[in-house]
Amino acid sequence: MSDVAVPKLPKLDVRGLTMEYGDNRVLERLSLTVEAGSFCTIVGASGCGKSTFLRLLLSQEVPTGGRILLDGKPLPPEPTPDRGIVFQRYSVFPHLSVEENLILAAEFERAAFTGRLIGKARTEAREAVAETLNKIGLFAAKDRFPAQLSGGMQQRLAIAQALMKRPKILLLDEPFGALDPGIRVDMHELLLGLWEEFSMTIFMVTHDIAEAFKLGTRMLVFDKVRHDPENPEAYGANVTYDLPLNRSTDDAAPEASDLFRAPKTII
Amino acid sequence: MGAIPFVAVLISYMIASHLRRLDNPADKLLPSLETMGASFWRMAFEADKRSGNFLLWTDTFDSLWRLGIGMGVATSLALILGIAIGFIPHTRSALAPFVATISLIPPITILPILFIMFGLGELSKIMLIVLGTAPVMVRSIAQSVIDIPREMIIKAETLGASVWQMVWRLVVPQTLPRLITAIRLGLVPGWIFLISAEAIASTGGLGYRIFLVRRYLAMDVILPYVFWITLLAFVIDRLLLLLSKRAFPWHHIGGESL
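Chains as they are written, first to last, in the working numbering: chain A, 11 to 277; chain B, 7 to 264.
Below is the structure:
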């Protein structure tokens, strides 16, 4: 047995991925390989399948064509703890306090029947999340309900909660879309710190192109390659630009208009 | 401010009652407040000559017992069926049309059927309350389960929750405050069916009493009883709201609750 010849598998291998809703083709023959530890930012016009792509990565929906391999194996048919998710809204549970939101994953794991820890086990679970609470600056607010937190605090909680199961892949669907610009900068710092600490692969959909350049190690631009004006839903989107980013250089970000080329028109 | 309409109605009644009694001191239709107070006192604190019971309290006990059992059964059905229909697509397709249809039957029309099937005892009265309130409550709970954002279910799955854990930690807790709202709204028809069933066939209860003394035009008993029933309904409603605020504070953040 030799361990030299074994080729390194990509973390994620997407092959010929196609997604159709009835006659509406959203994604068309999308192929992509992503190395472990990448931070992929996904940008593109509305309706170009960015969120659909994320839902497929999460197994929230099943593709109509092609397949996705995670560590060389097909994705499980439903969402599993190996892929964490943060949505723009509704990510945390409104009926649980900040602390309860964080210990929930441990409760699911250790109390199979009730999903609720009591007594000593609960105390231990609470102690286990104290450090996390400190890191996301919510220790003082640990007994508050999400509705009593600001938008930024809610998303910090959502990210921390998504990381409780230590997922290998973190999916972010416009997580900072509803936040003020000043708060976003703080969130970027937090997210980059966590990305390094957890050495995970991140996919983040964003509408903020500067954010995409700032955070990503790789930027994927989704757009329709072909366009039929008579039937705009006939062709799906694909990755039209795949840019490796080097965050250490201070090159000015290219203009967004340069990235979205005019779609080829087929009549 | 809220007291003004109450005082206005009270004063209008006192004036109308006074004018009628000027015409006819023996008038029974709009008795004076003193007469009503005396009758109420008699019903509450003087033992009935025939039965030896304090009628107001035995009536109240009988009625609240029936209403409590009926609403308790309806609430259990609403929680169990509502979550089954709202959370499990197969159950929804199998049961939702049926529940929707049942909820449209005017409940009072099946009262004769209930009397025939279950006799004139307690069971038929309780069944009327259950059948009159449960279907609408089931539908309302099912809808509130459906309205739980899909994102939360997905998030729970990524945190490793089983279906049972999702029901127990996510669906039930988020549904309970809405269940209390459903009970409060269900109590309105609940009272109607209770009084109706007692009026038609009963030997005790608040509804039985006011329909019994109607034969003697005893407005001095009927009006205080109506006031008493309203007061009971009001207190129950407020207690449920208080329970909701105490038990589910997260549900009442950033919004006024009626």
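Beta carbons are placed, not taken as given, at the ideal position from N, Cα and C, and that holds for glycine. For clarity, every value in this text was computed on a predicted model and none was experimentally measured.
In this structure, DSSP gives A/Lys130 a helical state, which the three-state scheme calls helix. Only exposed fits B/Ser82, as fewer than 16 other CB atoms lie within 10 angstroms of its CB.
Spatial neighbours of B/Arg145 in its own chain (CB-CB distance under 7 Å, excluding positions within 5 residues in sequence) are listed in chain order as Val105, Ala106 and Ser109. The Cβ atoms of A/Glu30 and A/Thr74 sit closer than 8 Å to each other. When DSSP states are grouped into helix, strand and coil, A/Arg236 belongs to the strand group. Here A/Gly226 is buried, its C-beta having at least 16 other C-beta atoms within 10 Å. Leu68 and Gln70: these are the residues of the region 60-75 of chain A whose beta carbon lies less than 8 Å from some beta carbon of chain B, given in chain order. Contacts between B/Glu40 and chain A, judged by CB atoms closer than 8 Å, are missing: the closest CB pair is about 52 Å apart. DSSP lists A/Leu27 as the bridge partner or partners of A/Leu40. Check the Cα spacing between A/Gly76 and each of A/Leu27, A/Pro191 and A/Ala55: the tightest is with A/Leu27.
At a cut-off of 3 residues, the continuous stretches assigned as beta strand (DSSP E) that sit fully inside the region 142-225 of chain A are 179-183 and 211-215. For secondary structure counted as the beta strand (DSSP E) over 3 or more consecutive residues, the region 92-173 of chain B holds no complete run. Within chain A, the residues placing a beta-carbon under 8 Å from that of B/Leu176 are Phe103, ordered along the chain. DSSP places B/Tyr19 in the uninterrupted alpha helix (DSSP H) bounded by Ala9 to Asp29.
From the listed residues A/Thr43, A/Ile78 and A/Val36, the smallest Cα separation to A/Arg228 is found for A/Thr43. Your pair A/Asp183 and A/Val215 checks out as a contact, with CB atoms roughly 5 Å apart and the cut at 8 Å. Residues of the region 170-183 of chain A with a C-beta atom less than 8 Å from some C-beta of chain B are Gln171, Ala172, Met174, Lys175 and Pro177, listed in chain order. Across the region 114-128 of chain A, CB contacts with chain B closer than 9 Å involve Leu114, Ala115, Glu117, Phe118, Glu119, Ala121, Ala122, Phe123, Thr124, Gly125 and Arg126, in sequence order along the chain.
When rounded, the separation of the alpha-carbon atoms in B/Ala50 and A/Ala151 is 53 Å. Residue pairing of A/Gly75 in beta bridges, as defined by DSSP: A/Thr28.
Within chain A, no C-beta atom comes less than 8 Å from the C-beta of B/Gln149; the nearest is roughly 17 Å away.
For A/Phe49, the enclosing beta strand (DSSP E) begins and ends at Phe49 to Gly54.
Annotation for B/Gly196: the continuous alpha helix (DSSP H) segment containing it runs Val178 to Ile206. Of all alpha-carbon atoms in A/Pro254, A/Lys234 and A/Gly32, the one lying nearest the alpha-carbon of A/Tyr245 is that of A/Lys234. Between A/Glu45 and A/Lys83, the CB-CB gap reaches or exceeds 8 Å. Taking 8 Å as the cut-off, the Cβ atoms of A/Ala135 and A/Leu148 do not count as close. Rounded to the nearest angstrom, the gap between the Cα atoms of A/Asp33 and B/Thr139 is 44 Å. Here the C-alpha atom of A/Met210 lies approximately 13 Å from the C-alpha atom of A/Pro91. Contact check for A/Pro89 against A/Leu68 passes: the beta carbons are separated by less than 8 Å. The bridge partners DSSP lists for A/Asn248 are A/Asp233. For A/Glu207, no CB of chain B lies under 8 Å from its own CB, so it is not counted at the interface with that chain. Distance between B/Ser130 and B/Ile189, taken at the CA atoms: about 21 Å. Considering only B/Ala203, B/Pro179, B/Ala148 and B/Thr164, the residue with the shortest C-alpha distance to B/Val136 is B/Ala203. Taking a Cβ-Cβ threshold of 7 Å, the residues of chain B close to A/Arg93 are Thr164, in chain order. With a contact defined as Cβ atoms closer than 8 Å, B/Gly88 and B/Val151 qualify at about 6 Å. Residues are counted here when their Cβ sits less than 7 Å from a Cβ of chain B; for the region 140-157 of chain A these are Phe155 and Ala157, given in chain order.
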